[in-house]
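Asks:
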Amino acid sequence: MRTFKFKPANLLLVMLLIISMTSCDEETFYPFIESIPCETPETADPSIINDFQCQDNLLLPNVEAVLNPDESGANTSRFVGKYIDPSGAWDALIIDFGAPINLSTKNTFKIKVLTSVAGTLKAKLEGGTSGGFEVDATISNTSNWVEYSFDFSSQFNQNHQKLVLFFNAGVDTNGADVYYIDDLKWDTSADPCVGVAVDINVINDFDCQKNQVIPEVTLTATPNKNAINSSKFSGKYIDETGAWDAVIVDFGAPINLTTHNAFKIKVLAPVAGTLKAKLEGGTSAGKEKDIQITTTGQWVEYTFDFSSEANANHKKLVLFFNAGVDTDGTQVYFIDDLKFAEITDPCNGVVPDLSIINDFNCQKNSTIAGSVPNSIVANPDPSGINKSDAVLKVTDNGTDAWDAIIFDFGGPINLTTKNYLRIKILSSKAVPLLAKLEGGTSGAKEVWGAITVTGIWTEYVFDFSDQAAANHKKIVLFFNGGQENGTATDVYYIDDIRFAAYDACAGVIPDLSIVNNFECQQNYAVVCCITTEIVTNPYKTGINTSASVLKVTDNGTDAWDALVFDLGAAINLSTKNKLKIKIYSTKAVPLLAKLEGGSSGPKEVWGAITTSNAWTEYTFDFSDQAAANHKKIVLFFNGGASDGTATDIYYIDDLKWE
């Protein structure tokens with residue numbers, strides 16, 4: 013119950029309130045709010061910054077206590093704070109604690125907000141001996157009270173004295189935007205490791221898999237996050253003086269290296285030098301491996317091949333940073349994700365290409381978020397432009413216009429030169445497709461496209477070249493974007509999401525009736541057997557003025573050497589079954605075209621190059637193969653004859669079915 017102490021001043025206050033409520037509108041009530049008494053007895057809760065009722069533990073500059081304009085939903089409190097955002101893009105509400113904020117256990121900041129203004133709400137810790145740390149939230153609900161949470165658990169051991177709030181961060185305003193705020197407090201962060209199964213092959217990832225103690229290494233917030241390491245926590249190691257100071261991980265028992273015998277570690281190094289990893293401490297002789305650290309200031313993963321120790325007995329893993337070099341004892345290394353992996357992993361040793369967002373095989377440089385169900389699966393159609401083993405299956409709710417899949421790069425995407433987003437898609441339906449960049453300090457950027465080809469892998473391109481200098485961290489894809497005419501389980505397969513430099517062929521939809529034009533329609537490759545090279549067209553005349561052609565160097569003394577195109581699957585000959593090819597030759601010779609490689613018997617059609625020194629188109633009629641199954645096209649120049657030279661030259665172009 014509220015306790016009202018009846019002193020003369022309080023009696024006067026009650027009389028004034030009664031008069032005010034009976035004769036004035038609600039606005040005239042506001043000046044008396046701070047005089048409303050609180051419930052007693054009152055025990056201060058230091059985790060609450062201010063609730064504008066009883067727990068006003070810290071002063072909030074430029075915030076006025078007012079009646080709650082909407083006592084409903086997430087906030088039924090009687091009183092709240094009113095903050096008017098000044099006009100500057102980076103004006104802020106600064107809450108000064110006057111001493112280091114205790115973030116040891118309660119390190120998630122929560123605040124309730126009611127506003128009509130959408131934008132970014134940025135919360136930042138600063139003002140102590142640690143570097144500033146900020147977290148963003150997006151205000152999109154402009155009608156109701158919403159509670160926003162900011163996870164500062166990575167700052168559990170840091171020194172900050174101020175909490176700074178930027179409303180509509182980075183946007184200049186007219187200085188009249190109103191924000192009602194309430195229940196500013198520190199809360200316990202959710203444990204992200206609940207339900208995570210122990211992986212004994214992980215030595216320590218400083219997050220959930222802390223399976224071995226690593227002496228002299230302290231837990232810290234991961235600095236300089238990138239696609240290699242975007243985890244919340246990592247280990248901090250200060251290399252002591254002495255050429256052979258080491259980090260020693262004692263397993264206390266023989267390390268099981270029978271299958272997982274590649275040691276992996278992620279390192280952010282301050283200097284270049286030798287990183288030595290050594291296995292020792294058991295009944296087997298010590299075994300060491302060296303790797304050179306050449307990249308500093310950013311995370312790199314290193315792999316040590318200890319497969320020779322599969323049956324050995326070692327109990328300790330010893331790491332020497334800048335091995336053999338005396339140091340001054342101040343060099344700081346950050347390490348993470350120490351583990352033993354299978355050496356047979358095909359991705360061991362693959363150097364990350366950060367222009368690739370995700371290929372779902374070895375270049376998994378982003379995390380996958382968003383509301384759309386997804387899973388990495390075997391490629392359901394390894395043919396055409398995508399023969400990779402693994403792809404991403406996306407199950408989209410086609411009745412939800414704006415459900416999306418999000419790829420989080422974990423840091424700014426480098427768009428300076430590679431800014432055309434390319435993605436391979438296998439779809440059973442043609443739908444709109446929206447690609448969006450967001451999550452950084454720049455405003456979001458959307459580019460619309462459309463899935464136009466069904467039943468085969470097709471690559472689509474989105475032009476983000478105007479974002480070359482922008483800061484984005486996430487790629488968001490909306491399948492059937494803006495539409496609600498699908499089913500709840502529309503399936504799309506995607507692969508090889510990457511940024512590439514400008515390509516004249518960008519956006520060209522593959523026409524699979526074209527075998528190869530050696531420019532933008534290189535749909536099927538040469539796989540055998542004579543020497544070929546794509547070159548600039550040496551004779552841009554007549555029926556062929558294209559820029560590039562294929563130079564074929566045939567051994568005219570071999571009657572049956574051949575040029576082979578592999579389509580990788582049965583060629584569709586149901587309607588287009590006449591093979592056309594343009595040829596520039598200096599001599600008239602026999603030419604044999606052959607179909608083979610499928611479940612049907614091979615089929616040959618003889619022709620001849622009859623015109624020399626001019627581009628000429630030749631046709632081979634395979635209409636009797638309309639229902640046949642063939643996968644390869646084979647061409648024999650000067651077929652069956654051996655009267656040429658060892659380096660007969662032919663130029664070919666525009667190999668296609670009509």
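Be aware that the sequence shown starts at 13, since it is given in my numbering, and climbs by one per residue.
Note that the Cβ used here is the ideal one computed from N, Cα and C, for glycine as well.
Since the structure is predicted, the reported quantities are computational estimates derived from the model, not experimental observations.
(1) Let me make sure I understand the geometry here. Which of Y662, F218, L175 and I542 has the alpha-carbon closest to that of L70?
(2) Which of the three DSSP states, helix, strand or coil, is assigned to E159?
(3) Between which residues of its own chain and G652 is the CB-CB distance below 8 Å, once the five residues before and five after are set aside?
(4) What's the call for Q304, buried or exposed, on a 16-neighbour Cβ count within 10 Å?
(5) Only counting runs of 3 or more residues, tell me where the beta strand (DSSP E) segments fall wholly within the region 209-269, in order along the chain.
(6) Give the C-beta separation of A574 and F648 to the nearest angstrom, bearing in mind that I take them to be a contact with Cβ-Cβ under 8 Å.
(7) For E321, name the three-state secondary structure that DSSP assigns.
(8) Buried or exposed for A289, going by 16 or more other Cβ atoms inside 10 Å?
(9) Exposed or buried, K430, counting other C-beta atoms within 10 Å across all chains shown (16 or more means buried)?
(10) Taking the alpha-carbon positions, what's the D475 to A482 distance?
(11) DSSP puts D566 in a beta bridge; with which residues?
(12) Is it true that the CB of P235 sits closer than 9 Å to the CB of L280?
(13) So, for I250: in the same chain, excluding its five sequence neighbours on each side, which residues have a beta-carbon less than 6 Å away from its beta-carbon?
(14) So the beta strand (DSSP E) D412 belongs to, where does it begin and stop?
(15) Give every residue of the same chain whose Cβ lies closer than 7 Å to the Cβ of T185, excluding the five residues on either side of it in the sequence, and list them in chain order.
(16) DSSP three-state call for S165: helix, strand or coil?
(17) Name the residue from K136, K436 and K588 whose alpha carbon lies nearest to the alpha carbon of L489.
(18) Count the CB pairs spanning the region 520-529 and the region 434-448 that are closer than 8 Å, and state whether there are at least three.
(19) What would DSSP say about D655, mapped onto helix, strand or coil?
(20) Would you mind sorting E321 into buried or exposed? The rule is 16 or more other CB atoms within 10 Å of its CB.
(21) Taking its Cβ as the centre, do 16 or more other Cβ atoms sit within 10 Å of D507, making it buried, or is it exposed?
(22) In terms of residues, what are the limits of the beta strand (DSSP E) holding W198?
(23) May I have a chain-ordered list of the beta strand (DSSP E) segments no shorter than 3 residues that lie completely inside the region 594-652?
(24) Going by DSSP in three states, S3 sits in which element: helix, strand or coil?
(25) Throw me the rounded Cβ distance for the N263 and K328 pair, which I believe falls under 8 Å.
(26) Are W311 and K237 closer than 9 Å when you measure CB to CB?
(27) For the pair the region 215-233 and the region 122-139, tell me if three or more CB-CB distances fall below 8 Å.
(28) Pick out the complete beta strand (DSSP E) segments inside the region 496-523, 3 residues or longer, and give them in chain order.
(29) Flag this pair as touching only if the region 627-644 and the region 590-597 have three or more C-beta atom pairs under 8 Å; answer yes or no.
(30) Sort out for me which residues DSSP pairs A545 with in a bridge.
(31) What's the gap between the Cα of A462 and the Cα of V261?
(32) Can you find the residues in the same chain that come closer than 6 Å, C-beta to C-beta, to D217, ignoring five residues on each side of it along the sequence?
(33) Less than 9 Å between the beta carbons of E252 and G361, yes or no?
(34) Just mark Y662 as buried or exposed, buried being the case when its beta carbon has 16 or more other beta carbons within 10 Å.
(35) Would you tell me roughly how many angstroms separate the C-alpha atoms of L23 and Q173, rounded to the nearest one?
(36) Do the CB positions of N119 and F164 come within less than 9 Å of each other?
Replies: So, from the listed chains and residues:
(1) Working through the sequence shown from its first residue, we reach residue 70 at position 58. Taking only the C-alpha atoms, the option nearest L70 is L175.
(2) Mapped onto the sequence shown, residue 159 falls at position 147. Note: E159 maps to strand in three-state DSSP.
(3) Locating residue 652 in the sequence shown gives position 640, counting from the first residue. Closer than 8 Å at the Cβ level, and outside the excluded window around G652, lie A571, W572, P602 and L604.
(4) Position 292 of the sequence shown holds residue 304. Exposed, since its Cβ has fewer than 16 Cβ neighbours within 10 Å.
(5) Counting whole runs of 3 or more residues, the region 209-269 contains the beta strand (DSSP E) stretches 214-216, 229-233, 245-251 and 259-262.
(6) The residue labelled residue 574 in the question sits at position 562 within the sequence shown. The residue labelled residue 648 in the question sits at position 636 within the sequence shown. Contact flag correct, Cβ pair sits at about 5 Å.
(7) As a first step, residue 321 is located in the sequence shown; it is residue number 309 there, counting from the start. The answer is helix: DSSP assigns E321 an H, G or I state.
(8) As a working mapping, residue 289 is identified with position 277 in the sequence shown. With 16 or more other Cβ atoms within 10 Å, it is buried.
(9) Working through the sequence shown from its first residue, we reach residue 430 at position 418. Answer is buried; the Cβ neighbour count reaches 16.
(10) By 1-based counting over the sequence shown, the position of residue 475 is 463. By 1-based counting over the sequence shown, the position of residue 482 is 470. Distance between D475 and A482, taken at the CA atoms: about 14 Å.
(11) Position 554 of the sequence shown, counted from the start, is the residue given in the question as residue 566. Note: D566 sits in a beta bridge opposite D660.
(12) Within the sequence shown, the letter at position 268 stands for residue 280. Within the sequence shown, the letter at position 223 stands for residue 235. Contact: yes.
(13) For the purposes of this step, residue 250 is taken as residue 238 along the sequence shown, with counting starting at 1. The residues are V344.
(14) Position 400 of the sequence shown, counted from the start, is the residue given in the question as residue 412. That residue, D412, is in no beta strand (DSSP E); it is neither H nor E in DSSP.
(15) For the purposes of this step, residue 185 is taken as the residue at position 173 of the sequence shown. Closer than 7 Å at the Cβ level, and outside the excluded window around T185, lie D97 and S99.
(16) Locating residue 165 in the sequence shown gives position 153, where the first residue counts as 1. S165 falls in the helix class under three-state DSSP.
(17) Residue numbering aside, residue 489 sits at position 477 when the sequence shown is read from its first letter. Checking every option, the nearest Cα to that of L489 belongs to K436.
(18) no
(19) The count along the sequence shown starts at 1 and reaches residue 655 at position 643. Residue state, collapsed to three classes: coil.
(20) What you label residue 321 is simply residue 309 of the sequence shown in a count that begins at 1. Its Cβ being crowded by 16 or more others within 10 Å, E321 is buried.
(21) For this step, residue 507 is matched to residue 495 along the sequence shown. Buried is the call here.
(22) As a position in the sequence shown, residue 198 is number 186, starting the count at 1. Element bounds for W198: D189 to T200.
(23) 601-608, 615-621, 628-633 and 644-649
(24) A question about residue 3 goes unanswered here, because the residues of the chain that appear run from 13 up to 670.
(25) Looking up residue 263 in the sequence shown gives position 251. Looking up residue 328 in the sequence shown gives position 316. Correcting the residue type first, residue 263 is Phe in the shown sequence and not Asn. 7 Å between Cβ atoms; contact.
(26) Start at 1 with the first residue of the sequence shown, and residue 311 comes out as number 299. Start at 1 with the first residue of the sequence shown, and residue 237 comes out as number 225. K237 sits close to W311, with the two beta carbons spaced by under 9 Å.
(27) no
(28) 502-512
(29) A contact exists between the region 627-644 and the region 590-597.
(30) The residue labelled residue 545 in the question sits at position 533 within the sequence shown. Reading off the sequence, residue 545 comes out as Glu, not Ala. Paired residues: K563.
(31) Residue numbering aside, residue 462 sits at position 450 when the sequence shown is read from its first letter. Residue numbering aside, residue 261 sits at position 249 when the sequence shown is read from its first letter. For A462 and V261, the distance between alpha carbons rounds to 53 Å.
(32) Locating residue 217 in the sequence shown gives position 205, counting from the first residue. Answer for D217: D349, listed in chain order.
(33) Position 240 of the sequence shown, counted from the start, is the residue given in the question as residue 252. Position 349 of the sequence shown, counted from the start, is the residue given in the question as residue 361. Cβ distance not < 9 Å, so E252 and G361 don't count as in contact.
(34) By 1-based counting over the sequence shown, the position of residue 662 is 650. Flag for Y662 reads buried.
(35) Taking the first residue of the sequence shown as position 1, residue 23 is located at position 11. Taking the first residue of the sequence shown as position 1, residue 173 is located at position 161. Low confidence applies here, because L23 scores a pLDDT of 36, under 50, leaving its location unreliable; read the following figure in that light. L23 and Q173: Cα-Cα distance of roughly 41 Å.
(36) Position 107 of the sequence shown, counted from the first residue, corresponds to residue 119. Position 152 of the sequence shown, counted from the first residue, corresponds to residue 164. Cβ distance < 9 Å, so N119 and F164 count as in contact.
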